[in-house]
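Heads up: the structure comes next, in structure tokens.
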Amino acid sequence: MKGSIVSIHIAAEPGGDLQPLDSAELVAGCGIRGDRHFAADGSHADSALTLIEEEQVELFNELTGLSLAPHDTRRQIVTRGVALNDLVGTRFRIGAVEVEGIELCEPCAYLADHLKRQFSITEVSAPKIVHGLAHRAGIRARILTNGNVRVGDRVMVD
Numbered sequence: 009m010k011g012s013i014v015s016i017h018i019a020a021e022p023g024g025d026l027q028p029l030d031s032a033e034l035v036a037g038c039g040i041r042g043d044r045h046f047a048a049d050g051s052h053a054d055s056a057l058t059l060i061e062e063e064q065v066e067l068f069n070e071l072t073g074l075s076l077a078p079h080d081t082r083r084q085i086v087t088r089g090v091a092l093n094d095l096v097g098t099r100f101r102i103g104a105v106e107v108e109g110i111e112l113c114e115p116c117a118y119l120a121d122h123l124k125r126q127f128s129i130t131e132v133s134a135p136k137i138v139h140g141l142a143h144r145a146g147i148r149a150r151i152l153t154n155g156n157v158r159v160g161d162r163v164m165v166d
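In short: position in the sequence shown from 1, add 8, done, that's the numbering used here.
What follows is the structure, given as structure tokens:
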């Protein structure tokens, strides 16, 4: 299975604006350096990295009539061409960095409310947003090795 990174985004503070990056430093057990979830003590090792498929956001938009961009989901890495849900419980590579899929990153009420406020969505309720993104909102991954990743890097299962 081969896909690629479409975009990388971080936010320095919880709820802060997302900043697009051309490349990012992934630190084993800690996260993406500079991101709000980065924990130098490894306290967030199992949720250090979030990924979402661009194709799943496109499907969500088709089903709801909305026009969210993949980064609007606040996931850090957007991919294309790889079925991320299938990688839960699997070790895989993003560029030269080894990671392990831990769990689905299911949507929450915070995300739904954030999207409704950000886009002044009135035609779709928060529960419908959560339901529409259920099992489509990407995965959480543990970073196993240090390294840099770039937009365009391959996502591969060895």
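The beta carbon of each residue, even a glycine, is placed where N, CA and C say it ideally should be. Because the structure is a prediction, the values reported are computed rather than measured.
DSSP beta-bridge partners of residue i
i	result
G39	V35
V96	G109
G155	L34
A149	L57 and G109
R10	The question names Arg, but residue 10 in the sequence shown is Lys. Answer by DSSP bridge pairing, in chain order: M164.
L29	I16
For residue i, the nearest candidate out of the options (CA to CA)
i	options	result
V90	G155, Q64, N154 and I18	Q64
R41	G155, E111 and K136	G155
F100	I16, E66, T153 and L67	T153
L92	I110, A77, L76 and N69	I110
E33	E66, H17, D166 and P78	H17
Pairwise C-alpha distance: residue j and residue i
i	j	result
D25	A19	6 Å
L74	R144	15 Å
A142	P115	6 Å
V14	D43	18 Å
G103	T81	23 Å
R88	V157	15 Å
T72	G140	8 Å
Residue i and residue j closer than 9 Å at C-beta
i	j	result
L57	V86	no
V96	L112	yes
G160	E61	no
R162	E108	no
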